[in-house]
Structure formats: C-alpha cells, structure tokens
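One structure is given here, and the rest of the page talks about it.
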Amino acid sequence: MATQPEDIATPPLDRETLLQRARDRAQLADFGDLWFLEPMDQLIAASNREGRLTADGHAAQTESIVKGLTSRLRMVEDIRRHPEILDEQVEVAGIILGLPRTGSTIFQRLLASAPGMTGIRWYEAQNFAPFPGEERGHPVERRAYAQAMIDGWLQVAPELASIHPLDPDAPDEEILILGQMFVSTMVEAMNFVPDFAGWLNGYDQSKGHADLKTILQYLQWQDPARRSRKWILKSPSNLPYAEIAAAAFPDALLIMTHRDPVQTVPSYVSMQAALYKLSATVSDHEVGAFWFPRLVDWMQRFEAARARIGEHRFIDIDYRQVAREPLAQAERVLSRMGIAVDAGMETVLNEFLAGNKREQRPTHDYAPERFGLDEEAIKRAFAAYRTRYIG
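Numbering (the numbering used here), first residue to last: 0 to 390.
Now the structure itself:
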C-alpha cells in the first residue's frame, strides 16, 4: 500500500485536539450526547493508519471535523436557549436512494423545487448551525463559506463541475451532515480509509439518524417558511443502510432511482477519484478496485433489506424515463407523497428543468478502462439487478 510522500509531515489526527478546536471556535463546551465519539475514534484511527492524506488533505479533514463539531456545539446551545426547536413538526415525505450516478441529484432538486417541498441546502449541510451574529433567515456568511469551498474544489479538480452540480443553495445529500457525526460514507469521500468503511458496515447508525431528525427541526426553526413544507432527502449511501433511514422516517416514501450499472459504476468511481484528488494520494486503479466490489455489496445488502421493509414503501424511477419525461416522473412521485399537481406546479417544475439541463455542464468522461474496470464483469456482478430493473 502506498504511503504519504516523506516530505509531507502532518501530525496524526487527535480526538481531544479536534474537540478543543471546536470548543475554541464556538466558545462553548457542551456537545450533548457523546455517542459520536465511538465512530469518531474509528475514523481517526483509520485516517492515521491508512488515510494517505496530503498536507492539504490533512487540513481539509481537520476543518471538516472541526466545523461539524462546532455546529453541534452551537445547536446544543440554541436548543438550550430555544427549547421550542424540538417542537418543530418536520415531515419527511420522501427519501431518494439507489446506486450513485442514477440521476438522483437532479431528481431531488426537481422535487424540492415544487411548491410545498423543501430540502437540505448545500450550504446548510456544510454548517447546519448559524454563524455568530447571523440574522435569522439571512445566512450570508454560511453561503460565502460554501461558495469558497466549491471554488477551492474546482481549482484542484475541475472535472467535478461535470460530475456533480455544486451550488450553495441547491438541495443536496444528508450524508454531508451525517458525515459530521462520522456515520456516513461522506467522511471517507476524500480520505482513503477501507478499514473504516468495513467497520461502518457493522455499526448501528440509528443515533446518527435520530440526530438528523433534530437537525431538520433546527433547520426548519431557522427558516419558519419551511413549516408548511415537506422534506425530500437523498443519498445513494442510504442504499446499504436502507432500513435505518426507513425506520427513522417511517412515513417517507422510498424512491429508488435506477440506471444501468455499466454506466453508474465507472461514473461513480470517476467521481470518487476526483474527490480523492482533493486531499489524498490514491491511484485510479486503486479507486476502481475498492469501489466496484463495494457497490456490489451495497446492492446485495439493499436487496435483502428491501424485502424486509416491504414493497409498499417503494416507488421505482428509471433514469431513461426521467430523461424522456422528467415532469411526468416527478408528478408520479409527488402524487404518491400527497402533493397535488396543478398547472401552477407544472410551470414551476418546467422552469426548474429549463435552467438545469445536462448540456449546460461540461461532458463527464468516465471510461471504465481508466479505473481497471471491465464492462462484462460489471454485467455479471449486477446480473440480477439488471434483469429486474434495467431489462
């Protein structure tokens, strides 16, 4: 296994140092329930042992951890001062899951654009607690922080612009928040930690989702206009942990997006390669060798979970149908969630689609050979899935 270049000297990540940095930044000390320390310790140990972080990557990983801990401190304090936060009635109407690169991002944003719907905005996912002095409903500094992150990422890995549309105000994945509690694949997106990934598969992540529900209440309290709206969540990494998400939000429709793994596997591997490029030293073939079998495992775990959850909770959305008739597919889901679709809503959805066409972004090149992937091997590994959903 490759190691960090010898001329890059970075201190090991240390739990107490990170906690203290967050305390200093927030000028607060109460983290609330300390359940997160166990997965935090696991991530730190794996990062120090196998993370391959560059100097910039070490700084980015440190900032990611500290900002999440800081948001937690600020939220605990806000709830102490405003216990009515926990009275917020949050309705999660739908959770999008499926293999990565199945059109779930654009589909979430399409649904969230409908009147009566909302989602976690990217800038909120980066810092879910308001900054000091922030005027309620006007998170200028948090938006600026998020835009600076995006600008920095695109300088190092410009190919991300073609892979995942980055927008501070657009809805995005809740794993960005769960990662700040060390219970999602987001914490490893820019940190090559296979040992942690294996450990996470056996860890009960339900406390993370319990905290996520509180954070949704917190976000709704920050923006009272959301009180009458239904939330749409989305994350491909819900796939192997579908039962946890389904149990956390028992009234949510589970929306599974589908696309041929022959396209999705190399596309996602290329995305991971671009993210590792931001902060770690990992070859393209190593990325492919790690993520291909992992995605196969995700699907196998999901198929067993879906049978236990029950078909009544699911609706299936084909990527090809979304490309041909996006409005019709959105209306299918909205109707199942109890959202009435009228001419006014169709106008709003069409306006969103007009401003978010795939051709408005650069072409995404993800040739499988670059990552040591073989099309026939992908077809064999996902044979049952392709027969059932792709045809």
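Backbone N, C-alpha and C define an ideal beta-carbon position, used for all residues, glycine too.
This structure is a prediction, so every number in the text was calculated from the model and none was measured.
What did DSSP end up calling residue 87 once you bin it into helix, strand or coil? coil
Less than 7 Å between the CB of residue 92 and some heavy atom of the ligand ADP, yes or no? Absent from the structure shown: the ligand ADP. Ligands present: none.
Could you pull the start and end residues of the beta strand (DSSP E) that residue 81 belongs to? That residue, residue 81, is in no beta strand (DSSP E); it is neither H nor E in DSSP.
Any idea if residue 358 is buried or exposed, counting beta-carbon neighbours within 10 angstroms, 16 or more meaning buried? Note that residue 358 has pLDDT 44, beneath the 50 cutoff, so the model's placement of it is unreliable and the number below is only indicative. Its Cβ having fewer than 16 others within 10 Å, residue 358 is exposed.
By the 10 Å Cβ neighbour count, where 16 or more other Cβ atoms means buried, how is residue 79 classified, buried or exposed? Its Cβ having fewer than 16 others within 10 Å, residue 79 is exposed.
At least 3 beta-carbon pairs within less than 8 Å: the segment 181–190 vs the segment 35–54: yes
Just tell me which of 389, 114 and 87 has its CA closest to the CA of residue 223. 87
In three-state DSSP terms, what is residue 359? Note on residue 359: pLDDT 49, under 50, position unreliable in the model; the coordinate value appears next. DSSP places residue 359 in helix when its eight states are reduced to three.
Please name the residue or residues paired with residue 120 in a DSSP beta bridge. 170
Where the beta strand (DSSP E) through residue 290 begins and ends: Element bounds for residue 290: not the beta strand (DSSP E) but the alpha helix (DSSP H), 283–308.
Classify residue 69 as helix, strand or coil using the three-state DSSP reduction. helix
Runs of 3 residues minimum, wholly inside the segment 132–220: which ones carry the beta strand (DSSP E) assignment? none
Given 8 Å as the limit, is there contact between the segment 282–291 and the segment 164–173, that is, 3 or more CB pairs closer than that? no
Use the C-beta contact count for residue 307: other C-beta atoms within 10 angstroms, 16 or more gives buried, fewer gives exposed. exposed
Would you please state the rounded distance, in angstroms, between the beta carbons of residue 201 and residue 177? I believe it to be under 8 Å. Rounded, the Cβ-Cβ distance is 17 Å, inconsistent with contact.
Which of helix, strand or coil does DSSP assign to residue 13? coil
With DSSP collapsed to three states, give me the class of residue 279. strand
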